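> Before I ask anything, here is the structure I am working with.
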Amino acid sequence: MQKNATSHLKSKAIYIDGKNRTAEIESYNFNGEKCTVIYKNNGKSYSYNKSKIQIVKSTIQTKNAESIFSYLKEIAETVGLTTEEGGNTLAKSYERLSFIPENSILSHYLNQKQPERKEHPSPIEIFPFGFNLSQKDAVNEAFSNPLSVIEGPPGTGKTQTILNIIANAVMNDQSVAVVSSNNSATKNVFEKLEKNNISFIAALLGNSANKKEFVDSQTPIPDLSEWKLSHEETQTITESNSLLFAQLKEKLEFKNELALLNLELKNLETEHHHFSSTNALFVDLRFKKDVTSEQLLSLWITIENYEKSGKKLNWWRKLIFPFLYGVRDKNFYELPYQELIKLTQHKYYLTKISELTIRQQQLESELQNFSFESKMKAYTDASMQLFRNKLSQKYNGKERPEYTVGDLRFKSEDFISDYPVIMSTTYSLRNSLDEKVMYDFVIIDESSQVDLATGALALSCAKKAVIVGDLKQLPNVVDKNNTVKTDRIFDNYQLPEAYRYSNHSLLLSITELFADIPKTLLKEHYRCHPQIIDFCNRKFYNNQLIILSEAQSDRNPLIVYKTVAGNHARNLTNQRQIDVIIQDIIPNESLESTDLGIVTPYRKQTSALQNTFKGTKIKADTVDKFQGRENDVIILSTVDNEISDFTDNANRLNVAISRAKDQLILLVNGNESEKDNNISDLIRYIDYHNFDIVNSEINSIFDYLYKGYEEKLKEFLSNQKKKSIYDSENLMYFLIKEVLSLEEFSKYDVVLHFPLRNLISDYSKLSDEEEKYARHHATHLDFIVYNKLGKNPVLAIEVDGYEYHRAESRQGERDVMKNEILEKYNIPLLRFSTTGSGERERLMEKLVDL
Numbered sequence: 001m002q003k004n005a006t007s008h009l010k011s012k013a014i015y016i017d018g019k020n021r022t023a024e025i026e027s028y029n030f031n032g033e034k035c036t037v038i039y040k041n042n043g044k045s046y047s048y049n050k051s052k053i054q055i056v057k058s059t060i061q062t063k064n065a066e067s068i069f070s071y072l073k074e075i076a077e078t079v080g081l082t083t084e085e086g087g088n089t090l091a092k093s094y095e096r097l098s099f100i101p102e103n104s105i106l107s108h109y110l111n112q113k114q115p116e117r118k119e120h121p122s123p124i125e126i127f128p129f130g131f132n133l134s135q136k137d138a139v140n141e142a143f144s145n146p147l148s149v150i151e152g153p154p155g156t157g158k159t160q161t162i163l164n165i166i167a168n169a170v171m172n173d174q175s176v177a178v179v180s181s182n183n184s185a186t187k188n189v190f191e192k193l194e195k196n197n198i199s200f201i202a203a204l205l206g207n208s209a210n211k212k213e214f215v216d217s218q219t220p221i222p223d224l225s226e227w228k229l230s231h232e233e234t235q236t237i238t239e240s241n242s243l244l245f246a247q248l249k250e251k252l253e254f255k256n257e258l259a260l261l262n263l264e265l266k267n268l269e270t271e272h273h274h275f276s277s278t279n280a281l282f283v284d285l286r287f288k289k290d291v292t293s294e295q296l297l298s299l300w301i302t303i304e305n306y307e308k309s310g311k312k313l314n315w316w317r318k319l320i321f322p323f324l325y326g327v328r329d330k331n332f333y334e335l336p337y338q339e340l341i342k343l344t345q346h347k348y349y350l351t352k353i354s355e356l357t358i359r360q361q362q363l364e365s366e367l368q369n370f371s372f373e374s375k376m377k378a379y380t381d382a383s384m385q386l387f388r389n390k391l392s393q394k395y396n397g398k399e400r401p402e403y404t405v406g407d408l409r410f411k412s413e414d415f416i417s418d419y420p421v422i423m424s425t426t427y428s429l430r431n432s433l434d435e436k437v438m439y440d441f442v443i444i445d446e447s448s449q450v451d452l453a454t455g456a457l458a459l460s461c462a463k464k465a466v467i468v469g470d471l472k473q474l475p476n477v478v479d480k481n482n483t484v485k486t487d488r489i490f491d492n493y494q495l496p497e498a499y500r501y502s503n504h505s506l507l508l509s510i511t512e513l514f515a516d517i518p519k520t521l522l523k524e525h526y527r528c529h530p531q532i533i534d535f536c537n538r539k540f541y542n543n544q545l546i547i548l549s550e551a552q553s554d555r556n557p558l559i560v561y562k563t564v565a566g567n568h569a570r571n572l573t574n575q576r577q578i579d580v581i582i583q584d585i586i587p588n589e590s591l592e593s594t595d596l597g598i599v600t601p602y603r604k605q606t607s608a609l610q611n612t613f614k615g616t617k618i619k620a621d622t623v624d625k626f627q628g629r630e631n632d633v634i635i636l637s638t639v640d641n642e643i644s645d646f647t648d649n650a651n652r653l654n655v656a657i658s659r660a661k662d663q664l665i666l667l668v669n670g671n672e673s674e675k676d677n678n679i680s681d682l683i684r685y686i687d688y689h690n691f692d693i694v695n696s697e698i699n700s701i702f703d704y705l706y707k708g709y710e711e712k713l714k715e716f717l718s719n720q721k722k723k724s725i726y727d728s729e730n731l732m733y734f735l736i737k738e739v740l741s742l743e744e745f746s747k748y749d750v751v752l753h754f755p756l757r758n759l760i761s762d763y764s765k766l767s768d769e770e771e772k773y774a775r776h777h778a779t780h781l782d783f784i785v786y787n788k789l790g791k792n793p794v795l796a797i798e799v800d801g802y803e804y805h806r807a808e809s810r811q812g813e814r815d816v817m818k819n820e821i822l823e824k825y826n827i828p829l830l831r832f833s834t835t836g837s838g839e840r841e842r843l844m845e846k847l848v849d850l
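At position 754 of the sequence shown the residue is numbered 754 (the UniProt record's numbering), and the sequence of numbers has no breaks.
Structure representation (structure tokens):
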């Protein structure tokens, strides 16, 4: 079967002056520095210099590569769409694939061999469409590597990055094919070229209809005489732009630092608000104006140590505290230690906020004095001038012929010279022009939605490929019927899992196959309200995004609406949620004239919503259909009585949330649920930021405060080179951090030595003895694992020394009391003995249970 599938593949191709002439040549022979070629049509022989001849071998070099190609061909025969005439276009494309050059990216994909890096002669410095730091890196990686990946989270400017790759490739006289699984992504790129009056270099091709439309709408090259620069002008602009580029890179570092600082300040102020609402402070102590947050952390630890020792602050401490910690208030020494710690913590928040605000003002002043926005515009305009000058040199005054549909195939080389940017779907790229065409670059956009069979076709004509996409957004969907069929085919071949068609997009396949492939994450986000995208950042992107967007309206960015409890969902529709949208959400939030979109997981709810809002400007669709779109306000109608795995899918939720620019309104059923899932994380996050914490029995975790404390405590214990006084706790800390670094537990974090009294806000559930124990300064939890999104505690962890924690010991009695207290507040507890084993497995099992 495999032999027949690949028997039509030719073993080599002959290029003369860079053009594939294989079909025309009868034979060839090398003799010294010359090559004699005999042509089929006239039998004549021609002698060429050896340097003009290139013999390219086929990619099918191994049995394994032959097997993978046979597999993809069989997949194409199974999943390809059947035309009205009964033909399978995808299968025919594979059947016509008679030669796969060894220098194509498909060759590397079939042979599972990552292409070697080839450093670009000089870093790219011309970005006609603007740039930021990660976009700059992505473009440079694209030119330095035959195969690279650009990860483009929502709102990070992947189209801008693609445009800059196109511009630099065209300036280097290289061809570029831009493809995706559908036409909308490529049309978006074309429209951006059109907006800048340079779409005449691009051709929207692909299927027969697109080719006919292109042929029927050809236009002459516009007058480009105004774009032409003299040699002196070009040199002057290039030099000044290079200097400005270096300055902008430095200022972009400041801009990113400022964005991180703004978010840190906002989150710190939110945490301080929660701290103040749960810690009543009756006095306000005076400190020196120049007291630092580091001094206050040291003061906190010092007071804590005094409390643990049971001693009073002596005269010596009263003498040196003003110098060491900036204390100026005599009342300070009269207060209980617990009150002193709270007051010091409160002062820490205020001081840290002040310190960050000063740095914030410094950065803002630096950027303002530099006139960043005007300098970036000047740089972008100058880069566009240089790009247009290149286009003017190539095109101005040139008469471009009008091509017929037949010419696209038979005059491909001439066509690419006239139209160096080709746009198509992955499905149709090979059919756009002659199938022997090899593009210098193939850029595959939205690659998480590109399947393996069509993606491989696009790679077959690529000398270099840039794979653009985001594994955190929705992948291509293979229906159940095709999943069964393609899995059966996959099982017939001995292939790595990365080639499984049913659950691998092209992006996922390539990143699994080539572990060390150059990847650039576009970090700078520009679309959503900071509070909206910060949820996605924490939940899905491991806090790697830099949020440069700003609030564009006074709307509360995140709101939860709950219907009355009940089973309102019927057959994947929920009329009660539609009623709430009409009767409550739209009037309450003043959405009548707003750019509003409603997303939902299910097609049936979509149909009901579209019927309800027919004739209005409100757009309603499934989350999957909304990918790539945006609205000022998004309502997410979850439909389910009890949130299903389909609705709760992380990729689907990420897409739904990131469609909202100014406001996201989450609509759920009002049924109580104990599930800890993605939707519940979103609700907790919204409640936390709206200061609407329902459970008042326990406090949220003040992680910013305790992370600062933890770092300072490390300094105090640095001579022991451990995070905890006890080796067993030290080892456990690193084990917990290691487990929480796994993607499935990434929403959790841990703080150590957390006082129990700081966790409980309502002691009414406890007996007198339990309350006394819980309030005691020495009663702490070795570790508390918390949800970073809602700051709620989820798991307490204790490390028990064998002798110290024996059941009959006094500590053993306290352990039982601590167990009972935590049980009353529904906080799970996991105890590890210093003489036990299997800690990692037990911890992971418990986290999964949660």
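Even glycine gets a Cβ: it sits at the ideal position worked out from N, Cα and C. Since this is a predicted model, take the numbers as computed values, not measurements.
Give the range of the alpha helix (DSSP H) segment to which L261 is assigned.
Note, L261: alpha helix (DSSP H), 231 to 278.
> What residues are listed by DSSP as bridge partners for V751?
Answer is I784, bridged to V751.
> Can you round the beta-carbon distance between C528 and S658 to whole angstroms, since I take them to be within the 8 Å contact cut?
Right, the Cβ-Cβ distance comes to about 6 Å (below 8 Å), so this counts as a contact.
> Measuring CB to CB, does I53 end up less than 8 Å from I16?
In contact: I53 and I16 (Cβ atoms closer than 8 Å).
> Looking only at its own chain, which residues have a Cβ that is under 7 Å from the Cβ of N677, when we skip the five neighbours before and after it?
These residues qualify, in order along the chain: I643, D648.
> Where does E729 fall in DSSP's three states?
Three-state result, E729: helix.
> In three-state DSSP terms, what is Y704?
Helix at Y704.
> Within the continuous beta strand (DSSP E) that includes V655, where are the two ends?
Taken as a continuous stretch (DSSP letters only), V655 belongs to no beta strand (DSSP E), being part of the alpha helix (DSSP H) at 650 to 657.
> I'd like to know if the segment 166 to 185 and the segment 491 to 502 are in contact, where contact means that at least 3 CB-CB pairs between them fall below 8 Å.
Cβ pair count under 8 Å is below three, so no.
> Which residues does DSSP list as the beta-bridge partners of N49?
DSSP lists K34 as partners of N49.
> In the DSSP assignment, find the unbroken beta strand (DSSP E) run with E798 in it and report its ends.
Counting along the chain, the beta strand (DSSP E) containing E798 begins and ends at 793 to 800.
> With a threshold of 16 other CB atoms inside 10 Å of the CB of Y804, please say whether the residue is buried or exposed.
Residue confidence is low: Y804 scores 49 on pLDDT, short of 50, so the model does not pin down where it sits. Its coordinate-derived value is still stated next. The residue in question, Y804, is exposed, as its Cβ has fewer than 16 Cβ neighbours within 10 Å.
> Considering only C-alpha positions, which residue in the set S741, D782, R359, K772 is nearest to S728?
Taking only the C-alpha atoms, the option nearest S728 is D782.
> Secondary structure at S122, three-state DSSP: helix, strand or coil?
It is coil, neither helix nor strand.
> To the nearest angstrom, report how far apart A453 and N31 are at their CA atoms.
Going by the C-alpha atoms only, they are around 42 Å apart.
> Nearest to L343 by alpha carbon, out of Q473, A280, K318, L90?
Taking only the C-alpha atoms, the option nearest L343 is A280.
> Just confirm the distance between the C-beta atoms of I827 and P793, as a whole number of angstroms; I'd bet it's less than 8 Å.
About 6 Å separates the two Cβ atoms, so the contact holds.
> Looking at C-beta atoms only, is the number of pairs between the segment 532 to 547 and the segment 612 to 621 that lie closer than 8 Å three or more?
Judged by Cβ distances under 8 Å, the segment 532 to 547 makes no contact with the segment 612 to 621, as fewer than three pairs qualify.
> Whole angstroms is fine: what's the gap from E226's alpha carbon to A382's?
The alpha-carbon atoms of E226 and A382 are separated by roughly 14 Å.
> When the Cα of K661 is compared with those of A569, A551, L386, L572, which residue comes out closest?
Comparing Cα-Cα distances from K661 to each of A569, A551, L386, L572, the minimum goes to A551.
> Using three-state DSSP, classify V623 as helix, strand or coil.
If DSSP states are grouped into helix, strand and coil, V623 belongs with the helices.
> Short check: CB of I559 to CB of I547, under 8 Å?
The answer is no: Cβ separation not under 8 Å.
> Roughly how far, in whole angstroms, is the beta-carbon of H108 from the beta-carbon of F143, given that I think they are within contact range, below 8 Å?
That belief does not hold up - the Cβ atoms of H108 and F143 are roughly 17 Å apart, past 8 Å.
> Throw me the rounded Cβ distance for the F754 and Y825 pair, which I believe falls under 8 Å.
Wrong, their Cβ atoms sit about 14 Å apart, outside the cutoff.
> Assuming E524 and S134 form a contact by the criterion Cβ under 8 Å, report the distance between their Cβ atoms to the nearest whole angstrom.
E524 to S134, Cβ: 6 Å. Contact.
> Would you call E399 buried or exposed, if buried means 16 or more other Cβ atoms sit within 10 Å of its Cβ?
Counting Cβ neighbours within 10 Å, E399 comes out exposed, since fewer than 16 surround it.
> What is the residue span of the beta strand (DSSP E) that V149 lies within?
From DSSP, the beta strand (DSSP E) with V149 extends over 147 to 151.
> Please report the straight-line C-alpha distance between I100 and L106, rounded to a whole angstrom.
Distance between the alpha carbons of I100 and L106: 8 Å.
> State the Cα-Cα distance for the pair F387 and I198, rounded to the nearest angstrom.
If I take the Cα positions, the gap works out to 10 Å.
> Contact between the segment 737 to 751 and the segment 765 to 779 is defined here as three or more beta-carbon pairs at a separation below 8 Å; is this criterion met?
Touching, no.
> Can you tell me whether Y46 is buried or exposed, with buried defined as 16 or more other CB within 10 angstroms of its CB?
By the 10 Å Cβ count, Y46 comes out exposed.
> Within 10 angstroms of the Cβ of R96, are there 16 or more other Cβ atoms? Answer buried if so, exposed if not.
So R96 counts as exposed.
> What residue range is occupied by the uninterrupted alpha helix (DSSP H) comprising V405?
Element bounds for V405: 405 to 410.
> Should H689 be labelled buried (16 or more other beta-carbon atoms within 10 Å of its own) or exposed?
By the 10 Å Cβ count, H689 comes out buried.
> Exposed or buried, which one is H346 when buried takes at least 16 other CB atoms within 10 Å?
With 16 or more other Cβ atoms within 10 Å, it is buried.
> Looking at C-alpha atoms only, which residue of L507, D491, L829 is the closest neighbour of residue 861?
Since the first residue shown for the chain is 1 and the last is 850, residue 861 is missing from the structure and cannot be characterised.
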